[in-house]
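See structure below.
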Amino acid sequence: MQGKLTRLLIFTIFIWPCIIGAQNLLPPIYNYRVFEYNAAGQNWGLSVSEKGELFSANDKGLLYFNGEEWVLNKLPNSTIIRSVYADGQRIYTGSYEEFGYWEKDETGLLNYTSLTHLIQDHTFTNEEFWQIIPFENKIVFRSFSTIYIYEDDQITIFNPEQVITNIAVQNNQLIVASKSNGLFELQDNKMVSLPSFDEFQNATIISIESFKNGLLIGTQLKGCFVYQDGNYVGFDKEINELLKRDQLNKILSVSKNEIAFGTIKNGIYLYNTSTKSIKNLNRGTGLQNNTVLSMARFHNQFWAGLENGLDRIGVNSPITYYTDYSGILGTTHDIAQNESTTYLGSNTGIYLLNKESLSFVEGSQGHVWDLETIENNILAGHNTATFKIEGNNINRVSSISGGYEFAKVPESNNTYLQGTYTGVAKFVKSDNQWSVSEISGISFPVKQLCFEDAHTLWVAHSYKGLYRFKLDENLEKVIESKEFGPSDIPNNYQVKLYQIKNQIILQSDGQWFKYDPIVGEIDAFEEFVSYSGKSLIYADGDNFWFIDNKPDKELVYTDLKGKTIYIAKSQLNERLVPDMERIIKQTDSTYLLTLSDGFAKINLTQLEKSLTNAITETPELTHFQDTEKRYSVTDTIFDVPNRHANDITLQVASPSLVNPRYYYELSGEVTRSSYSEDGELTFQNLPHGLYELKVSTVSMDNKKSRPKILAFEIAPPWYLTKWSLLFYLLLLISTIFIVRWYNRRKLKRKHEALKVKLQHEQDERVAQLEKEKLEKEIKGKQNELARTTMSVAKKNELILELKDLMVLNKDAFSNKQRYRSLTKKLDSSINEDEDWKQFEVNFKELHNDFFENLLRQYPRLTPKDLKLCAYLKMNLSTKEIAPLMAITVRGVEIHRYRLRKKLGIDSSQNLSNFLIKFK
Numbered sequence: 010m011q012g013k014l015t016r017l018l019i020f021t022i023f024i025w026p027c028i029i030g031a032q033n034l035l036p037p038i039y040n041y042r043v044f045e046y047n048a049a050g051q052n053w054g055l056s057v058s059e060k061g062e063l064f065s066a067n068d069k070g071l072l073y074f075n076g077e078e079w080v081l082n083k084l085p086n087s088t089i090i091r092s093v094y095a096d097g098q099r100i101y102t103g104s105y106e107e108f109g110y111w112e113k114d115e116t117g118l119l120n121y122t123s124l125t126h127l128i129q130d131h132t133f134t135n136e137e138f139w140q141i142i143p144f145e146n147k148i149v150f151r152s153f154s155t156i157y158i159y160e161d162d163q164i165t166i167f168n169p170e171q172v173i174t175n176i177a178v179q180n181n182q183l184i185v186a187s188k189s190n191g192l193f194e195l196q197d198n199k200m201v202s203l204p205s206f207d208e209f210q211n212a213t214i215i216s217i218e219s220f221k222n223g224l225l226i227g228t229q230l231k232g233c234f235v236y237q238d239g240n241y242v243g244f245d246k247e248i249n250e251l252l253k254r255d256q257l258n259k260i261l262s263v264s265k266n267e268i269a270f271g272t273i274k275n276g277i278y279l280y281n282t283s284t285k286s287i288k289n290l291n292r293g294t295g296l297q298n299n300t301v302l303s304m305a306r307f308h309n310q311f312w313a314g315l316e317n318g319l320d321r322i323g324v325n326s327p328i329t330y331y332t333d334y335s336g337i338l339g340t341t342h343d344i345a346q347n348e349s350t351t352y353l354g355s356n357t358g359i360y361l362l363n364k365e366s367l368s369f370v371e372g373s374q375g376h377v378w379d380l381e382t383i384e385n386n387i388l389a390g391h392n393t394a395t396f397k398i399e400g401n402n403i404n405r406v407s408s409i410s411g412g413y414e415f416a417k418v419p420e421s422n423n424t425y426l427q428g429t430y431t432g433v434a435k436f437v438k439s440d441n442q443w444s445v446s447e448i449s450g451i452s453f454p455v456k457q458l459c460f461e462d463a464h465t466l467w468v469a470h471s472y473k474g475l476y477r478f479k480l481d482e483n484l485e486k487v488i489e490s491k492e493f494g495p496s497d498i499p500n501n502y503q504v505k506l507y508q509i510k511n512q513i514i515l516q517s518d519g520q521w522f523k524y525d526p527i528v529g530e531i532d533a534f535e536e537f538v539s540y541s542g543k544s545l546i547y548a549d550g551d552n553f554w555f556i557d558n559k560p561d562k563e564l565v566y567t568d569l570k571g572k573t574i575y576i577a578k579s580q581l582n583e584r585l586v587p588d589m590e591r592i593i594k595q596t597d598s599t600y601l602l603t604l605s606d607g608f609a610k611i612n613l614t615q616l617e618k619s620l621t622n623a624i625t626e627t628p629e630l631t632h633f634q635d636t637e638k639r640y641s642v643t644d645t646i647f648d649v650p651n652r653h654a655n656d657i658t659l660q661v662a663s664p665s666l667v668n669p670r671y672y673y674e675l676s677g678e679v680t681r682s683s684y685s686e687d688g689e690l691t692f693q694n695l696p697h698g699l700y701e702l703k704v705s706t707v708s709m710d711n712k713k714s715r716p717k718i719l720a721f722e723i724a725p726p727w728y729l730t731k732w733s734l735l736f737y738l739l740l741l742i743s744t745i746f747i748v749r750w751y752n753r754r755k756l757k758r759k760h761e762a763l764k765v766k767l768q769h770e771q772d773e774r775v776a777q778l779e780k781e782k783l784e785k786e787i788k789g790k791q792n793e794l795a796r797t798t799m800s801v802a803k804k805n806e807l808i809l810e811l812k813d814l815m816v817l818n819k820d821a822f823s824n825k826q827r828y829r830s831l832t833k834k835l836d837s838s839i840n841e842d843e844d845w846k847q848f849e850v851n852f853k854e855l856h857n858d859f860f861e862n863l864l865r866q867y868p869r870l871t872p873k874d875l876k877l878c879a880y881l882k883m884n885l886s887t888k889e890i891a892p893l894m895a896i897t898v899r900g901v902e903i904h905r906y907r908l909r910k911k912l913g914i915d916s917s918q919n920l921s922n923f924l925i926k927f928k
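Mapped onto the working numbering, the consecutive letters of the sequence shown carry residue numbers 10 to 928.
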């Protein structure tokens, strides 16, 4: 256990400071990991197009990056690509016994064309092509044994019969480096030796770069040499020793005075030829891997192809970084400056930055919340106490825990107040000593405080509350207090408090306010109205730094006089610490910014210049596709079938920029606008119609480029196409005709039905009239029959009465002959048969089938019975029937009795009614 503690102590005292102190402020490094670009780890060659597109010779194929998306393009034989060179629209690649070029098709995809078919009478001998360079109007492919020169669809072969390790162009001459034999010029297909150099004996030249009208020649193990005016000289000794030790592999001129040396063992050395300064980029300072296989430059950045991954490095960047990849520094909370020394306070302690190197201040372990330069002292508000820093040492000034920030008491040269975990502490400096006491009446954590005047203190609670305190003359206790609530400010949680130009300024719910001491009220602060939603992290009266409270975390510098500079969070590698951002002014043009794993140095003058000179290019369309098809990117308008339009995706990119944003505006049937972080725009379920899309690149300072304008039209669904509409029109016309025909037919039928109805009604009316006429006639006949019958009955009755009278007065007649003659005449007057026949004719007209039906049902009836039945049906009485039948009333009754029996009618049923109803 003791041995472990000893080793830990040695590490803390000796190794830890050395590790930290060895780091420099370095340019931004952007890592692109294997899982991001989905290819192999090794990237043997790199080339960047004029637009800024990256092409990498990867183990799995040609890797393409347009700034937003990665695309892996495989050779037909799927072999490893060893070299690449982008030349205008063509990208040349070399692999095993194969070389050729790639070109984009109309959809933006790369297609490969082999050039080896142009080689005649030659057989490859296990050749891999490791280098491709332009030479005049030619393209030169190099293997270790042969040089192939491509021009005008012809290939010229040159075999120097020695191992070729590198080629370059100098003064319009092709320079060839051979293993162990130095440099040659290729003249008329002959190797012409350049002046010999002993250092090249048994040395492998692996990289050649133009340098000051000469050549910078890099060897594998002997460092670099400069060839100029026919002479060789050694390169700078300090850098050369490093290159020998770490095995140089690639050389790249990255700026006018800076050269990048890629090594096998220790990443990249950035060497400034003017200042002789050296910066090392390796695994410990941000590179993914220490083995550099390739490099390529584009504007103010260069790419490094590594053994495992790809990195992009800024050149002459206005923002440089110190990053602690070991995790020892932790999260930086604050920065303070004293003369030429800068101190960093983090969650692990205090660190001293001197000449861009860091060392730990012993005894400062723990959270540091605040560092401030006060009275030529650096005071550190610590989790446990407040310390004074002197060089690499600290001394306890206050034992009050949790020191946040200080505020100087107005009209006092040596008195300050500090917010702490438990309230407010007073610091007074006298004879270079600090005396500390707590102010009575404030017993809650205070994170921010500032003075309105010498005895009026504003305090923001660490969590909830805003207060205005009146202090006594000696600043020892609170004599008057006021808490501001919802009636004064929108929200009293997380209130932020500042003093700007002798004004009390506060922020609540993202809105800015100021205190008006004359009326004693809080009003809107108009000067900051355009910075609503942003928090102030630095102010010195003329310079202000804001941070956006939105997820974008955009950093904004302004002087409130028209100068405004924006820095997107992506430009800071998204390393800001939410709600703990701090900035300190280092010089008039440089600021330090706390980060989650270190800090950044911002050169404002250089940043402003780079932004002024920067050209925010119009983004280019890299692909446009729907659910089924990828469209030609050269189209001026994209016609999208409706069935494929429920998911339209397009990609725009600005290859020349690092992590740009994009702003788009869609107009048409749907209007939409928004920002995009990756340039991929997806539109789902858009209604059919014509759309115009404008996409602009947004630079780090929020400037928008000239928009890329494209149009696409979503065809209507099949049921709304022209043919469908024509069909609907024809259908409508047909429907109209059918409806008209149907209506006419219906009207005709209705007319016919009405006609039939009228005819029917007319027929019924006629029938009714005829019926009525017939009934009238029948009634008339019935009446006539009744009258006739009654007349006959009366006549017969009268005759019978006369006969009876004559019979009674028979003796009165003297002439018997005459009596008999009269009697006979009377008897002949009662002609029963004639009367019956006449009656029968008339009766049958009224009751046609009466007798037949009666006989059919009662066949035993006699003609006399039928007569009686007819008279009874006529509803004649017995008395009326008797004369008709020339019998007495008694005879009629007897006959009725007999008839009732024949008809089977009992005595309870009326015989006349029965016969009247009988049909």
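Quick reminder that beta carbons are idealized off the backbone N, C-alpha and C, glycines included. It should be emphasised that the depicted structure is a prediction, and the values quoted were computed from it without experimental measurement.
From this set, the options, which residue's C-alpha is nearest residue i's C-alpha?
i, options, result
"residue 66", "88, 60 and 117", "88"
"residue 391", "421, 383, 361 and 429", "429"
"residue 165", "531, 151, 177 and 174", "151"
"residue 410", "41, 190 and 454", "454"
"residue 399", "238, 407 and 387", "387"
"residue 183", "156, 742, 209 and 189", "156"
"residue 45", "72, 54, 62 and 171", "72"
In this structure, does DSSP put residue i in helix, strand or coil?
i, result
"residue 42", "coil"
"residue 147", "strand"
"residue 792", "helix"
"residue 184", "strand"
"residue 231", "coil"
"residue 867", "coil"
"residue 244", "coil"
"residue 926", "helix"
"residue 583", "coil"
"residue 332", "strand"
"residue 797", "helix"
"residue 460", "strand"
"residue 360", "strand"
"residue 30", "At residue 30, the pLDDT of 39 sits below 50, so the modelled position is not reliable and the matter cannot be decided from this model."
"residue 749", "helix"
Determine the extent of the alpha helix (DSSP H) in which residue i is found, giving its start and end residues.
i, result
"residue 619", "613 to 622"
"residue 427", "Not the alpha helix (DSSP H): residue 427 falls in the beta strand (DSSP E), residues 424 to 428."
"residue 901", "898 to 912"
"residue 874", "872 to 882"
"residue 891", "887 to 894"
With residue i and residue j assumed to form a contact (beta carbons below 8 angstroms), what rounded beta-carbon distance in angstroms separates them?
i, j, result
"residue 544", "residue 516", "7 angstroms"
"residue 315", "residue 298", "4 angstroms"
"residue 864", "residue 870", "6 angstroms"
Would you mind reading off the limits of the beta strand (DSSP E) that contains residue i?
i, result
"residue 200", "199 to 202"
"residue 671", "670 to 676"
"residue 918", "Run containing residue 918: none; DSSP gives neither H nor E here."
"residue 177", "173 to 179"
"residue 418", "Note, residue 418: premise wrong, no beta strand (DSSP E); not H, not E."
"residue 502", "First-last for residue 502: undefined, no H or E at that position."
For this session: Would you list, in sequence order, the uninterrupted beta strand (DSSP E) runs of no fewer than 3 residues that lie entirely inside the segment 267 to 323?
Result: 267 to 272, 277 to 281, 287 to 290, 301 to 307, 310 to 315 and 318 to 323
For this session: Would you list, in sequence order, the uninterrupted alpha helix (DSSP H) runs of no fewer than 4 residues that lie entirely inside the segment 802 to 855?
Result: 825 to 838 and 841 to 855
For this session: Could you pull out every unbroken beta strand (DSSP E) segment of at least 3 residues lying fully inside the segment 514 to 562, listed in chain order?
Result: 520 to 525, 530 to 533, 543 to 548 and 553 to 557
Exercise. If you scan the segment 93 to 158 from start to end, which runs of the beta strand (DSSP E) of 3 or more residues do you find wholly inside it?
Worked result: Counting whole runs of 3 or more residues, the segment 93 to 158 contains the beta strand (DSSP E) stretches 99 to 104, 107 to 113, 119 to 123, 140 to 144 and 147 to 151.
For this session: Would you list, in sequence order, the uninterrupted beta strand (DSSP E) runs of no fewer than 3 residues that lie entirely inside the segment 646 to 724?
Result: 646 to 649, 656 to 662, 670 to 676, 681 to 685, 689 to 693, 698 to 707 and 717 to 723, all fully within the segment 646 to 724.
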